[in-house]
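Step one of this worksheet: look at the structure below.
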Amino acid sequence: MKARAFAYARPSSLAEAHAAFDGADGDASYISGGQSLVPALAMRLQAPQVLIDLSAIPEMRGIRLEGESLRIGALTRHAETLTEPLIRAHAPLLAAAAPFVAHPAIRNRGTVGGSVALADPASEFPAMMLAMGAEMEISGASGLRRVPADDYFQDLYQTAIVPGEILVALHVPAAGPRHVWAFDEMARRRGDYAMVGGGILAERDGAVIENPRIALFSVGPTPVRARNAEAEIAGKALDADAIAAAQRALDADIDPLDDAEIPAAMRRHLARVLLGRLLRKLETC
Ligand code: FAD
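If you count the sequence shown from 1, position 102 lands on 101 in numbering that gives the first Met the number 0, and the numbers rise without skipping.
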């Protein structure tokens with residue numbers, strides 16, 4: 000199949016982009032890297048009258064430290080997260096997840112903002128925003144607002160972004176020398192969407208783990224923060240008992256769905272195994 004005919008706009012400011020969306024009476028789609036949207040257009044799962052290309056909006060570009068946080072422009076490509084020194088230094092979990100996102104050709108076009116705006120529950124970066132405690136900078140009718148990751152992911156492909164709004168940047172609290180992290184996923188083949196995956200960011204004081212944030216993906220309709228598991232390791236050394244307790248507690252954190260390929264019970268089991276691996280990795284960071 001091929002896409003329905005559409006008009007094309009390439010605004011050079013957020014104001015122009017919003018005007019283009021309003022001018023189409025909302026029958027428009029923003030496009031960033033196009034790696035999810037273009038297949039959806041080709042299959043006519045989406046058929047907007049107007050495609051609004053965000054790639055020329057300067058505020059959506061660049062990666063820089065702003066005080067205690069790293070501002071990552073929404074148009075940052077997946078491939079840049081693999082190599083950009085500021086991301087490796089201050090958002091190491093994002094850099095650790097990047098090689099697992101799709102394949103090089105897709106990573107060269109796909110954007111971090113596109114992935115977080117789409118919020119596929121099987122995607123790596125949205126869950127890592129949750130693990131890192133990021134804030135999403137969103138442009139809408141009343142200007143710019145920021146939404147913490149804990150409030151941003153609302154339901155299957157549903158986020159705090161309302162139609163017409165634009166994800167402008169991600170603000171990630173900069174990791175420091177006390178931080179430890181781990182990322183892992185289980186996929187049938189490298190580059191496939193994972194059967195289950197996750198990341199942890201925490202601080203370590205000697206042997207003791209503090210302020211852990213655990214986020215898993217492919218275990219429900221949204222990326223999931225594993226708060227019960229976090230409670231089992233916070234303020235403790237990561238010995239075998241603490242890890243086993245966290246794995247048991249994880250059952251209450253996740254609600255995997257049955258699907259044609261993987262039964263929910265199997266995802267639940269894989270998530271427990273994955274958490275054990277992540278916690279053991281974290282211990283040796
Ligand atoms: P687009 O395709 O341009 O847009 C996606 C959606 O978000 C659209 O609805 C669009 O309107 C909206 N949007 C885009 N940018 C914004 C914005 N700034 N503000 C508001 N709305 C916006 N992803 C993974 O995470 N893991 C994988 O393993 C993986 N494997 C893949 C394998 C294949 C074969 C393909 C084709 C894709 C795969 N992807 C995977 C998806 C890929 O990472 C996409 O690049 C990403 O999901 C979307 O980013 P994009 O910039 O291409 O967004």
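We put the CB at the ideal spot given by N, CA and C, even for glycine.
For residue 23, there is no enclosing alpha helix (DSSP H), as DSSP gives it neither H nor E.
Judged by DSSP secondary structure, residue 130 falls within the alpha helix (DSSP H) whose first and last residues are 123-131. For residue 12, the number of other beta carbons within 10 angstroms of its own is below 16, and it is reported as exposed. Take residue 208, set aside five residues on each side of it, and the residues of its chain with a beta-carbon closer than 7 Å to its own are 201, 232, 233, 235, 237, in chain order. Between the stretch 58-74 and the stretch 36-50, the count of C-beta pairs closer than 8 Å stays below three; the two stretches do not touch.
Of 138, 140, 93, the smallest CA-CA separation from residue 123 is found for 93. CA-CA distance, residue 281 to residue 212, rounds to 12 Å. Of the candidates 1, 73, 18, 223, 1 places its Cα closest to the Cα of residue 38. In the three-state DSSP reduction, residue 191 falls in the coil class, being neither helix nor strand.
For residue 77 and residue 251, the gap between their C-alpha atoms comes out near 32 Å. For residue 157, the beta-bridge partners assigned by DSSP are 154. Beta-bridge pairing by DSSP links residue 116 to no other residue. Per DSSP, residue 244 is not a residue of any beta strand (DSSP E); the alpha helix (DSSP H) it occupies stretches across 239-249.
Cβ atoms of residue 90 and residue 171 come within 8 Å of each other, at about 5 Å. When the five nearest sequence neighbours on each side are left out, the beta carbons in the same chain lying within less than 8 Å of the beta carbon of residue 106 are those of 76, 77, 78, 81, 97, 100, in order along the chain. The three-state reading of DSSP puts residue 254 in coil, since its state is none of H, G, I, E or B. Boundaries for residue 56: no alpha helix (DSSP H) harbours it, and the DSSP string shows neither H nor E there. Residue 214 and residue 222 do touch by the CB rule: their CB atoms are close to 6 Å apart, below 8 Å.
Contact annotation: the stretch 24-39 does not touch the stretch 137-146, with fewer than three C-beta pairs closer than 8 Å.
Rounded to the nearest whole angstrom, the C-alpha separation of residue 46 and residue 266 is 34 Å.
For residue 36, the enclosing alpha helix (DSSP H) has its first and last residue at 36-41. Relative to ligand 1, even the nearest heavy atom lies 6 Å or more away from the CB of residue 269.
Judged by DSSP in its simplified three-state form, residue 265 adopts helix. In the structure shown, residue 221 falls within a coil segment according to DSSP collapsed to helix, strand and coil. DSSP places residue 231 inside the alpha helix (DSSP H), whose first and last residues are 226-232.
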